[in-house]
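Data block below; observations after.
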Amino acid sequence: MASELKEALEFARVLVLTGARQTGKTTLLREEEPFKSWTYLSLDDLEVLDLALKSPRDLLAVGPNLVLDEVQKAPRLLSAVKMAVDREPKRRFVLSGSSHLLLMKKVSESLAGRAAYVELLPFALGELGELPSTRAGWWLEGEEMEPPWSSPPGELEFLLFRGFLPPVTFLKRERDIFAWWRGYVRTYLERDLLDLARITHLPDFRRLMELLALRSGGLLRVVDLARDLGLPQSTVSRYLNLLETSGLVYRLPSFTRNRAKRVIKAPKVYFLDPGLCAHLMRYRSPQELRPEDRARLLETLVFLNLKVIAELQRGELFYFRTYGGREREVDFVLEIGGQVLAFEVKSRSRVGLSEAENLRFLREVTPNFHRGFVVYTGDEIRPLGENIYTLPWWCL
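Put into structure tokens, the structure is as follows:
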């Protein structure tokens with residue numbers, strides 16, 4: 001990731017690094033070249049925040065190249081950064097924060113044409129197995145479907161329960177994992193969220209998080225959420241926007257660039273990390289996972305891995321679903337360089353030709369269809385048709 005950030009700074013004067021809490025942004029910016037030799041300022045420091053609010057130009061004068069962390073706390077700083085890079089084109093800035101700054105209107109307006117945006121996500125499965133980022137998405141090219149490693153990085157149920165944010169991946173005991181996620185959610189609700197907005201009733205916000213966890217991977221219907229929570233639709237929409245701005249929840253858009261005539265346009269919703277999802281489902285151990293929740297968490301895991309690959313390969317991620325008559329659904333559609341790859345997720349160890357039926361349909365209505373995969377809990381890669389294969393979950 002550090003090399004990609006350096007490449008971005010060759011053409012952009014400002015690099016906006018976003019991502020949820022604990023994805024490793026601060027560690028990367030303080031320990032990797034060239035950033036560790038830059039002046040690092042965090043707006044978590046009250047003195048730095050005070051100067052950023054009162055005299056942003058003075059703050060930006062402390063060094064030629066600056067890393068400004070938690071920048072969402074002082075929106076006025078953005079105008080000063082814009083003026084600085086316009087005045088001195090050779091200067092470089094990295095702006096970072098626990099919020100998805102790309103979704104914050106003030107950032108996109110202030111830095112239009114000057115900034116490159118990179119999102120830092122939790123670990124992918126390959127990173128747990130120390131797979132180089134150059135091998136991410138190994139199934140994109142080549143005729144031989146040979147994975148770069150031969151065994152999973154751990155038991156599926158344990159990984160789904162534990163999650164993939166860097167600090168939690170070092171934990172082994174179930175009670176430690178549960179305590180870590182409890183602290184994570186509490187810190188988000190009591191600190192990070194209040195940096196973004198005034199929430200008058202935090203229990204309602206938490207209830208929405210728990211309900212979304214139970215519906216991760218489902219269609220996002222605000223009217224249903226509002227009814228089930230007993231809250232106004234406007235409040236639920238606002239809370240959803242805050243979760244998305246925080247990088248904890250994502251809306252997955254519908255794939256419409258195909259010849260199918262009746263395609264559902266509403267987005268699906270996913271949590272960032274299956275471990276967070278499992279915690280919000282109130283699981284205390286992987287042994288407790290119910291089959292239906294295991295399936296939901298597995299789909300969330302696949303979402304995370306494809307999201308990482310889309311970020312690395314500059315691709316876009318969608319889902320596909322038709323309506324009327326015989327409905328067809330494909331869990332994920334990844335578009336990279338004009339090629340379409342499709343993924344159907346099955347939480348079982350054996351799959352047959354029938355599980356690839358919707359992939360075959362998508363292949364017929366998508367001119368640039370490249371490959372399709374049925375991701376499952378088995379351990380073999382085998383063909384299910386022309387350019388359609390089974391794919392063990394750990395081979396993502």
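With the UniProt record's numbering, the residue at position 27 of the sequence shown is 27, and numbering never jumps. For glycine and all other residues, C-beta sits at the position ideal for the given N, C-alpha and C. Bear in mind that the values here come from a model prediction, so they are computed numbers and not experimental data.
{"Check": "Nearest CA to the CA of L301: which residue from R290, L252, F255, L156?", "Outcome": "L156"}
{"Check": "Evaluate contact between the stretch 374 to 384 and the stretch 162 to 174, counting only Cβ atoms and requiring at least three cross-stretch pairs below 8 angstroms.", "Outcome": "no"}
{"Check": "So, with DSSP's three-state summary, where would you put F11?", "Outcome": "coil"}
{"Check": "Locate the beta strand (DSSP E) running through E316, then write down its first and last residues.", "Outcome": "316 to 321"}
{"Check": "Relative to the C-alpha of R87, which residue among V269, G126, R57 is closest?", "Outcome": "R57"}
{"Check": "Going by the C-beta, is D192 closer than 7 angstroms to any heavy atom of the ligand ZN?", "Outcome": "Absence of the ligand ZN is noted for the structure shown, with no ligands found whatsoever."}
{"Check": "Count the other CB atoms within 10 Å of the CB of L17; is the residue buried (16 or more) or exposed (fewer)?", "Outcome": "buried"}
{"Check": "Can you tell me whether S216 is buried or exposed, with buried defined as 16 or more other CB within 10 angstroms of its CB?", "Outcome": "buried"}
{"Check": "Rounding to the nearest angstrom, what Cα-Cα distance links V345 and G324 in this structure?", "Outcome": "23 angstroms"}
{"Check": "Classify P232: buried if its beta carbon has 16 or more other beta carbons within 10 angstroms, exposed otherwise.", "Outcome": "exposed"}
{"Check": "Is it true that the CB of L396 sits closer than 8 angstroms to the CB of N258?", "Outcome": "no"}
{"Check": "If you count every other CB in all the chains shown that lies within 10 Å of the CB of H201, and 16 or more means buried, which is it?", "Outcome": "exposed"}
{"Check": "Among residues of its own chain, excluding the 5 on either side of R382, which ones have a beta-carbon nearer than 7 angstroms to its beta-carbon?", "Outcome": "Y389, T390"}
{"Check": "Rounded to whole angstroms, what's the CA-CA distance from L165 to E4? Just pull it up for me.", "Outcome": "20 angstroms"}
{"Check": "What are the partner residues of D379, as DSSP defines its beta bridges?", "Outcome": "BP columns for D379 are empty, so no partner."}
{"Check": "Is there contact between the stretch 237 to 255 and the stretch 209 to 227, where contact requires at least three CB pairs shorter than 8 angstroms?", "Outcome": "yes"}
{"Check": "Tell me Q339's beta-bridge partners as DSSP assigns them.", "Outcome": "I336"}
{"Check": "May I have the straight-line CA-CA distance separating P286 from G163, to the nearest angstrom?", "Outcome": "11 angstroms"}
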